[in-house]
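In this note's numbering, the protein residues as written are 66 to 146. Right, one structure below, let's go through it.
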């Protein structure tokens, strides 16, 4: 059951007043109703890389899981198996 067009997603992040760059990562997949926010690890090396990998991995696994569930018999009209 696709949620695309049924919900609206928006994403925004701000560096704040202390940091020079933003290490947060945000991902959204309207089709499956997924929002992911990974708070960057400020003060550590490559915090933006870690948060980006986390968002990408979670997004991919959730999308794969949603596809797998549909293949296993979720009724698209009710969302139930």
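Positions of the beta carbon are idealized from the N, C-alpha and C atoms, including for glycine.
Span of the beta strand (DSSP E) around residue i
i           : result
residue 93  : 90-94
residue 101 : 99-103
Cβ-based neighbour list, residue i, same chain, cut-off 6 Å, excluding 5 preceding and 5 following
i           : result
residue 123 : 101
residue 147 : Residue 147 is absent from the structure shown; the chain starts at 66 and stops at 146.
Expected contact under 8 Å - CB spacing of residue i and residue j to nearest Å
i           : j           : result
residue 131 : residue 91  : Not confirmed; about 19 Å, so no contact.
residue 119 : residue 106 : Not quite, the Cβ-Cβ distance comes to about 10 Å (not below 8 Å), so this is no contact.
residue 76  : residue 103 : Rounded, the Cβ-Cβ distance is 12 Å, inconsistent with contact.
Close beta carbons around residue i, own chain, < 7 Å, minus the five adjacent residues each side
i          : result
residue 81 : none
residue 65 : Missing from the structure shown is residue 65; the chain here goes from 66 to 146 and no further.
Chain D within 8 Å of residue i, Cβ atoms only
i           : result
residue 131 : Considering every chain present, this structure includes no chain D. It has just one protein chain.
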